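Asks: Note that the sequence shown covers residues 113 to 393 in the working numbering.
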Amino acid sequence: MCLICLTFCKVINANEKQPPLRRIECLQIRIRQIMQNSVESFINVLESYRGRDKVIRTLCYGSQLVGGLLAGKSSQSSLGKRLLLFSAQLSDCRTTLRLFDDLSMLAYSTSYGLGASEEDALVRWMSILNNVADQLYYPCEHIAWAADAELIRTKSDKWWVLSTGLWGISLILSILRSIRSIQILKRKAQTCQRSASAESRMAHCVREEVCSQTAVLRRQIRGEVFSILSSLADLSNAVHWMPPGFLWAGRFPPWLVGLMGTTSSLIGLLQMSSGDQGACS
113 MCLICLTFCK
123 VINANEKQPP
133 LRRIECLQIR
143 IRQIMQNSVE
153 SFINVLESYR
163 GRDKVIRTLC
173 YGSQLVGGLL
183 AGKSSQSSLG
193 KRLLLFSAQL
203 SDCRTTLRLF
213 DDLSMLAYST
223 SYGLGASEED
233 ALVRWMSILN
243 NVADQLYYPC
253 EHIAWAADAE
263 LIRTKSDKWW
273 VLSTGLWGIS
283 LILSILRSIR
293 SIQILKRKAQ
303 TCQRSASAES
313 RMAHCVREEV
323 CSQTAVLRRQ
333 IRGEVFSILS
343 SLADLSNAVH
353 WMPPGFLWAG
363 RFPPWLVGLM
373 GTTSSLIGLL
383 QMSSGDQGAC
393 S
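1. If you run the structure through DSSP and keep just helix, strand and coil, what is Glu253?
2. My parser needs the beta strand (DSSP E) runs of 3 or more residues fully inside the segment 176 to 245; what are they?
3. Mapping the DSSP letters down to three states, classify Ile394 as helix, strand or coil.
4. Using 8 Å for Cβ pairs, my map puts Ala245 next to Leu278. What's the rounded Cβ distance?
5. When you compare each of Leu241, Arg306, Tyr161, Thr208 to Leu285 by their alpha carbons, which one comes out closest?
6. So, using beta-carbon positions, are Leu158 and Ser175 closer together than 8 Å?
7. Write down the C-beta distance between Arg206 and Arg169 rounded to the nearest angstrom, noting that I regard them as a contact closer than 8 Å.
8. Which same chain residues, not among the five before or five after Asp346, have their C-beta less than 6 Å away from its C-beta?
9. Does DSSP classify Arg134 as helix, strand or coil?
10. Report yes if the C-beta distance between Pro366 and Gly179 is below 8 Å; otherwise report no.
11. What's the gap between the Cα of Phe358 and the Cα of Ser348?
12. Going straight from the alpha carbon of Leu371 to that of Gly362, what length do you get?
13. For Gly184, I'd like the list of residues in its chain whose CB is within less than 7 Å of its CB, leaving aside the five on either flank, ordered along the chain.
14. For Met372, report the span of its alpha helix (DSSP H) as first-last.
15. Using a Cβ-Cβ cut-off of 7 Å (strictly less than) and excluding sequence neighbours within five positions of Ser221, which residues of its own chain qualify?
16. Can you tell me whether DSSP reads Ser160 as helix, strand or coil?
17. Take Ile333 and list the residues in its own chain whose beta-carbon comes closer than 8 Å to its own, dropping the five residues that flank it on each side.
18. Given a cut-off of 8 Å, decide if Leu344 and Ile287 are closer than it, judged by their beta-carbon atoms.
19. Would Gly225 be called buried (16 or more neighbouring beta carbons within 10 Å of its own) or exposed?
20. So, is Val369 buried or exposed, given that buried needs 16 or more other C-beta atoms within 10 angstroms?
21. Could you tell me the distance, in whole angstroms, from the CA atom of His352 to the CA atom of Ile141?
22. Check whether the Cβ atoms of Met354 and Val273 lie closer than 8 Å to each other.
23. Check whether the Cβ atoms of Ile340 and Ser385 lie closer than 8 Å to each other.
24. For Leu382, which residues from the same chain have a beta carbon less than 8 Å from its beta carbon, with the 5 sequence-adjacent residues on both sides left out?
25. Relative to the C-alpha of Ile379, which residue among Ile264, Tyr161, Gln148, Val167 is closest?
26. Consult DSSP for Gly357 and reduce its assignment to one of helix, strand or coil.
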């Protein structure tokens, strides 16, 4: 939204000296260009599996948030009930689509291996354990799904609990890994700043390179902070879906589950649009 406002301001400032009709025409052309670019960007997101999943996820939790609020205000709210049903259908859709995620997750885990490219041992081992938890999550969820669909004869409850527990473990490892990564990135940024201040007479091109490296590190830190917030929101829901008696399990109203999920989903979309790809369950 801020980017669109800045674009409008630039358009207006650039056309201040033009005749009124010409300025209006230019503004209309720019608006059409912005709308066209936005639609094309959205289509590009939907054309990829991960992008489509993030959009469905956002709609799922957003519907649960609004539907939960409406149903909470009035138990007779038909719109609230329909939104909650719509959210449940989208959730089932995502569960079905995840039946085909095992191989892609296995390919990622295999390519990462033992994390030989990682500089820090803690980050490496947390990433390995994270990959193991994610890899085990999928077959557990598939068995639970198949049991609910009456494709196999077993109770689904224990498999749902196991898959949710693995998801929670994965989220905790992701949070710890991001915290460790932030510590490492901050040290690197401080080193860059010290080298820039110590070499006050360095060449202009070298100073620009140091500033560029510092900006990249700060952007990476910001991405890790967003990842922590996203994982914390998902972790709160993961605990809610555990068996009663475990922390705050079962105590969230539907709108709060929707709020946590919507927050996480919007952060995921933001990271995708900015090019910061992270592992998400």
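Here a beta-carbon is modelled for each residue, glycine too, at the ideal position from N, C-alpha and C. Treat the numbers as computed from the prediction; the structure is a model and nothing was measured.
Replies: According to the structure data:
1. In the structure shown, Glu253 sits in a helix (DSSP, three-state: H, G or I).
2. No beta strand (DSSP E) of 3 residues or more sits fully in the segment 176 to 245.
3. No statement about residue 394 is possible, as the shown extent of the chain runs from 113 to 393 and does not include it.
4. So it is a contact: roughly 5 Å between Cβ atoms.
5. Sorting Leu241, Arg306, Tyr161, Thr208 by C-alpha distance to the C-alpha of Leu285 places Leu241 at the top.
6. No. Outside cutoff.
7. With 8 Å as the limit, Arg206 and Arg169 qualify as a contact, their Cβ atoms being about 7 Å apart.
8. Counting only Cβ-Cβ distances below 6 Å, and skipping sequence neighbours, we find Leu283, Ser376.
9. In the structure shown, Arg134 sits in a helix (DSSP, three-state: H, G or I).
10. Yes, the Cβ-Cβ distance between Pro366 and Gly179 is below 8 Å.
11. Answer to the nearest angstrom: the Cα atoms are 12 Å apart.
12. For Leu371 and Gly362, the distance between alpha carbons rounds to 15 Å.
13. Its chain contains Pro365, Trp367 as the residues whose beta carbon lies nearer than 7 Å to that of Gly184, once the 5 sequence neighbours on both sides are disregarded; these appear in chain order.
14. Unbroken alpha helix (DSSP H) run through Met372: 366 to 386.
15. Excluding residues within five positions, the ones whose Cβ falls inside 7 Å are Asn243, Gln247.
16. Correct three-state label for Ser160: coil.
17. Sequence-distant partners of Ile333 (beyond 5 residues in either direction) whose C-beta falls short of 8 Å from its own C-beta, in its chain, are Ile294, Leu297, Lys298, Ala301.
18. Using a Cβ distance threshold of 8 Å, Ile287 and Leu344 count as a contacting pair.
19. Flag for Gly225 reads exposed.
20. Counting other Cβ atoms within 10 Å of its Cβ, Val369 reaches 16 or more and is therefore classed as buried.
21. Looking at the two C-alpha atoms, the distance is approximately 49 Å.
22. Against a cut-off of 8 Å, the Cβ pair of Val273 and Met354 comes out as a contact.
23. Not in contact: Ile340 and Ser385 (Cβ atoms no closer than 8 Å).
24. Within the same chain, Phe338 come within 8 Å of Leu382 by CB-CB distance, once the 5 residues on both sides are set aside.
25. Measuring from the Cα of Ile379, the nearest candidate turns out to be Val167.
26. Of the three classes helix, strand and coil, the one that applies to Gly357 here is coil, per DSSP.
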